[in-house]
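Enquirer: The structure is given below, and queries will be raised subsequently.
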Amino acid sequence: MTKGQIEAKISEAVSKFEIEYMGRGPKQIKTIITEDIIVVRLIGFLSPTEKKLAQTKEGIELIKKVRATLFENAKEDLANLIKQVIDVDIAGIYSDVNTVNGEKVIVITLNENLEKKLSQ
């Protein structure tokens with residue numbers, strides 16, 4: 000498979016994960032592989048209730064805490080989904096959300112250079 004096809008399959012896996020574990024998928028998703036790092040950007044992932052909550056400082060803190068806890072509890076499952084696509088060991092998975100613009104970023108670090116492996 001090409002780099003673009005792998006990126007698309009990772010996007011599909013992350014979208015499926017978001018729907019199954021977080022209860023809602025993003026409106027847009029983009030994945031970029033750079034050497035031994037995968038960056039997944041999700042746009043429009045907040046539910047209508049979360050958008051209302053995000054109007055206060057306390058609500059923003061609550062959203063971030065709940066989302067972080069859900070992600071931490073399920074990130075091993077996400078790692079398994081990603082590994083099925085890329086067949087490379089995952090070193091770590093990190094995530095953060097921006098409640099102002101409804102954006103989430105997932106960063107996946109790998110134990111080898113996937114971009115180089117794909118170009119061989």
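Residues 0 to 119 (numbering that gives the first Met the number 0) are what the sequence shown spells out, left to right. Glycine included, C-beta positions come from ideal geometry on N, C-alpha and C.
Could you tell me whether the stretch 20-28 touches the stretch 63-79, where touching means 3 or more Cβ pairs closer than 8 Å?
Expert: The stretch 20-28, when compared against the stretch 63-79, does touch it at the 8 Å Cβ threshold.
Enquirer: So for Arg23, helix, strand or coil by DSSP?
Expert: Coil.
Enquirer: In the DSSP assignment, what residue or residues form a beta bridge with Lys2?
Expert: Lys2 pairs with nothing; no bridge assigned.
Enquirer: Excluding the five sequence neighbours on either side, which residues of its own chain have a C-beta within less than 6 Å of the C-beta of Thr98, listed in chain order?
Expert: Hits under 6 Å: Ala53, Ile59, Ile62.
Enquirer: On the three-state DSSP scale, how would you describe Val38?
Expert: In the structure shown, Val38 sits in a strand (DSSP, three-state: E or B).
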